[in-house]
Each structure stands twice: as C-alpha cells, then as structure tokens.
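Heads up: the sequence shown runs through residues -22 to -1, 1 to 450, numbered per mature numbering (1 follows the signal peptide of the UniProt record, and there is no 0). Here is the structure we will look at, set down as structure tokens.
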Amino acid sequence: MLAMSSYTWPFWLTFCCWYCVALTGGKISFLVDPSSSGGDVSSKLKVLLCMDEMKNQDETDIDCGGISCPKCEGMRSCKVNCDCISGICKDNMCAPSASCQDKVRNQDETDIDCGGSKCQKCEDSKICKDNCDCASGICTSNKICGATTSTTAATTSTTAATTTTTAYNGANAYTWGFQIQKNGNLAFNDTGGQVGVIGVNNNDGSKTNQYVYNKTVAVNVKKCTSKPKVTCVPECKNNGTCVSQNNCSCPSDYTGPTCEIQSIGLCRDNEILDKKPILLVTFGNGLSKYSQVTPDRFNFTTTYKQQFQPTTYDGSFSFINRVPNDFNNDWHTDATDHTGDPGGYMFLINADEQPGQFYNGAVNNLCIGLRYEFSVYLANIMKLTGRIKPSVRFEVRSPSLGNRLLAQLSSGDVPEDTTLTWRKYGLSFIAPSSTVVLLMISDAPGGGGNDLAIDDIALTVCSHKGSGFCPS
C-alpha cells in the first residue's frame, strides 16, 4: 500500500476531486455510503436528485413535479394537476397560483379579485358578503357594494287640521346629527321637541299638517375589524408592492406573481445605433420562389409544417421571396421581404387555429447584466378584409434556471394595410444568464386570418460600448 505523508495527502485529495469534476463536465455527484447513512438510502438519493438542476427521475420539469420532488411553480411543465403548486395543469403547463390579479374569482374573494380576507375591498356594484368587503363600507341587502338611501330617523304626528301652513314648504328637508357610539350603535341626537311642521296636500285639495319630532334610533352597525398585515412569500421583486396576501402589484415594466418577469419594449434607436446584432436571421435569398432551406439551418425550431410549393395552408409556413396568391387574392400578392430585395426570402406563416411557436432558438455567450433587444419585422399579409389580425407574444427564457420566464411582451394586433407594410416589434431584457431561449408564439386564433410574414430576427445589445458577446 502506498504511504503518504501528512503533507502530501491533501494535495492528492484536491487533485482527485478536481479530476472527477472535470470528467463529469462540472456536474457534482453525491455518493451515499449505506454503512454510515441512517435511514433509506434510496429516499435520500431522490432528495438529492431534486436539487441537481437536471430533469430526471419522474420529474415533469427540472427538479419539480412527479412523485419524488416538490410541486412546480406556474409556467413549468406538468402532466397532472398534482404536479403543480396551483393544482392546475393545463396543456402540460402549470397555471400560476391563485392571486388577487388573476382575473378569476377564487380564494375567498366575493367578486373577481376583490373582497374577502386576502384581496382589496370591492368598488361599488361588486358582489359582497358584508360591509368589510366594500370600499364604501356598505354592503346592501342585495349583497352589492354601494351607498344606499338612508331613512330619516324621525316620527311624524298627523293632525286633522285643514289650515295651510306657510312657514314650512314641503320641498324643504331636515337633517339630524348622529354619532357612532362606542358599542358600535348609530345614534341620532334626541332633543325631545318639535322641530318642524310640514304642509301636505290631500286629494280633496285640503292641507294636513304633519309635526316632525326628533327621536333617538339605535342602529346596529357592524364594525369591520382591521385586516392583518399582508405578506408576500416569495417577496415582490423589482420595486413591486405587496397589496394582499401573496399578491404583488408590479411596476409598468414588470409582470408575474412576484414581478420577476420583465415586460419592457424595444430599446431606443440611439441605444442600438451602429450596433452589429449578435444574432441576425434574414432567411437568405435565391431565384427560386420557395426556398428549400429548413429552419435548422438558421438554428431554430417551429411547431408549423414547412411547405416547399403552393399552397401554404393553415398550420404551415414557407420561406418565400414573394407573397403567393394562394387564397383568391386575399393576400398582398407579389410583395417582397423587409429589405425589398426581390430575391430575399421571408418567413411566411398561415397560423393554425391552435396557438403554436413561430420561432424557438437559443443564443449563447451573452454578458450577464447587460440589456439586449430581441426584435423582428412583422407584416400582416392580409388585405383590408376585416379578418383576424396576427398577434405575436415574445418570450425570453433561461434554460439554466429551469426554463424560467425572464421577459414577456405581446405585439398586439398587427394591422392590415392597403399595401404590405413592415413594422418592428419585440422587447428588451437584462440577461441573468449567458444562455437564453428566444420565442415567438402566436397570440391570436387562426382560421380566417392571422396570416403574417416575419423577417430580420435580431438580438442586439443596448447602450454598451462592447459587442455584448462574452465567450466562455
């Protein structure tokens, strides 16, 4: 057996550990010694595998879902409802947890996103259960928030007199003072005397005097107990405000349950002036109307099916250098790509009825902490027909952070024009990791419109002297 001095064995131990890490590509493995570990080794290993930043075991997403690992947060992959913290798995994606901004009546809300113990008080005309649910402090007998007409706390004594009273006109009104007593009752002041006389017209033309007296009336008023101080776990990020239990109100440039998702538009023109894009996809050019090149040449994937000849049906796309006349002249036939080059190809899509991914591509070697612009030129290829307008949702995700959604913004409707018109859309984001995935997703129903052309997909660094490229 090789003997080592007390001075050399730490060196060899360090070397062996470094060598093992190098062999595993930087992945750290945990070895469990059955002889020294108490309890079930298998269960301990499962716990460790739920922390290894890899999708394994029966996980539905990285380190979450399945039987062994914690439940997944919103927008993470799932198979069944119990994979999700929210308890809702829809289209293999966990729905966000219930909140006071999800436009759904849930938790103990009395109306959508208001009332109950967790959310803000409801405005007038919203549903309530008691006064504490309403901003006005009044929940009517119909269980609707809003002020009601108060009834005068007075009694009247009627006489059979037929004389006309000139000192008091029936159009006048009396107002009595009141106070809220310590016991919660509403008490009107009682002076014990006559305060007025009202002349009332009778059907026979005569007058009847009604003498009005003050009277103390006790009305039980429910006192709203103060709601407990709200907390948000996890805490609101990016200057978000915790407005109710686990519900953050986000600044205009952020969204998401904890304001963690960036939602910022394109950078200013002077921020990207003379900047060379890190990524630029123009789809090439050629003499043939239909390009035979596939998306993998441009390092992206799409859920749509490629057509290499007429016709580009619903759910399909073409790389094409002129808009075809596929549907009875409904499209801007013979229009060209964004550069106006007759041979330049564009990405023409006839969107499906079910929203799909137009573009899904990864970009590496970004500089952490810098702001980047993800942009594209879009055009509605439909003429002025009043059909469904295209809308594109831009997303940026981080594969190293469990496919976390970093930024999201919608283009809104891409308008129709008398001629094909290209417009720039997109978003900007601060990179928290060196690799991100850029996505463009259909945000409008297809079938009867939602036909568009895409060109010049770009990723450019904003307001930075360097290239924005940080090779590892």
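Here a beta-carbon is modelled for each residue, glycine too, at the ideal position from N, C-alpha and C.
Going by C-alpha positions, Lys254 is about 43 Å away from Ala76.
Between Met324 and the set Ile116, Ser296, Asp41 and Val415, the nearest pair of CA atoms involves Ser296.
Judged by DSSP secondary structure, Ile250 falls within the alpha helix (DSSP H) whose first and last residues are Asp247 to Ile250.
Excluding sequence positions up to five before and after Gly334, its CB lies within less than 8 Å of the CB of Thr280, Thr281, Tyr282, Gly293, Ile419 and Ser420, all in the same chain and listed in chain order. In the assembly as shown, Gln98 is a buried residue. Its beta-carbon has 16 or more other beta-carbons within 10 Å. Pairwise C-beta distances place the segment 379 to 389 out of contact with the segment 305 to 325, as fewer than three of them are shorter than 8 Å.
Inclusion of Leu326 and Val301 in the CB contact set at 8 Å is warranted, their separation being smaller than that value.
In the DSSP assignment, Ser77 falls outside any beta strand (DSSP E) and carries neither an H nor an E.
One Cα belongs to Ile359, the other to Asn342, and the distance between them is close to 33 Å. Taken in chain order, the complete alpha helix (DSSP H) segments of 4 or more residues contained in the segment 212 to 260 are 247 to 250. Of all C-beta pairs linking the segment 243 to 258 to the segment 309 to 320, fewer than three are shorter than 8 Å, placing the two stretches out of contact.
In the same chain as Gln223, and ignoring 5 residues on each side of it, the C-beta atoms closer than 6 Å to its own belong to Lys96 and Val208, in chain order.
If you ignore the 5 residues before and after Arg371, its C-beta comes within less than 6 Å of the C-beta of Ser388, Ile419 and Asp421, all in its own chain and listed in chain order.
Only residues of its own chain outside the window of five on either side were considered, and among them Gly339 have a CB closer than 6 Å to the CB of Asn277, listed in chain order. About 17 Å separates the beta carbon of Ser55 from that of Asp30, a gap too long to meet the 8 Å contact definition. Annotation: Cys214 to Gly347 spans about 20 Å, alpha carbon to alpha carbon. With 16 or more neighbouring CB atoms inside 10 Å of its own CB, Cys106 falls in the buried class. Note on geometry: alpha-carbon atoms of Asn217 and Lys443 lie some 28 Å from one another. Annotation for Thr397: no beta strand (DSSP E) segment contains it, and DSSP assigns it neither H nor E.
In the three-state reduction of the DSSP assignment, Asn120 falls in the coil class, being assigned neither a helical nor a strand state. DSSP, read as helix, strand or coil, puts Leu430 in strand. Taken through DSSP and simplified to helix, strand or coil, Arg365 comes out as coil. Given a length threshold of 4 residues, the segment 314 to 392 has no whole run of the alpha helix (DSSP H) inside it. In the structure shown, Asn299 falls within a coil segment according to DSSP collapsed to helix, strand and coil. A straight line joining the alpha-carbon of Gly52 with that of Ile63 spans about 7 Å. By the Cβ-count criterion, Tyr350 is buried, with 16 or more other Cβ atoms from all chains shown falling within 10 Å of its own Cβ. Taking a contact to require three or more Cβ pairs closer than 8 Å, the segment 425 to 432 and the segment 221 to 239 do not qualify as touching.
Listed as beta-bridge partners of Phe447 by DSSP are Leu344.
With fewer than 16 other beta carbons inside 10 angstroms of its own, Gln332 counts as exposed. Counting C-beta atoms within 10 angstroms of its own C-beta, Phe286 has fewer than 16 neighbours from the protein chains shown and is therefore classed as exposed. Burial state of Asn120 is exposed, judged by a 10 Å Cβ sphere holding fewer than 16 other Cβ atoms. Beta-carbon to beta-carbon, Gln79 and Asp91 are separated by about 6 Å, close enough to satisfy the 8 Å threshold. The straight-line gap separating the alpha-carbon atoms of Leu362 and Leu244 is approximately 28 Å.
Taking all protein chains in view, the Cβ of Phe447 is surrounded by fewer than 16 other Cβ atoms within 10 Å, so the residue is classified as exposed. Here Leu416 is near Phe352, since their CB atoms are less than 8 Å apart. Taking the CA atoms as reference points, Asp252 sits about 23 Å from Gly322.
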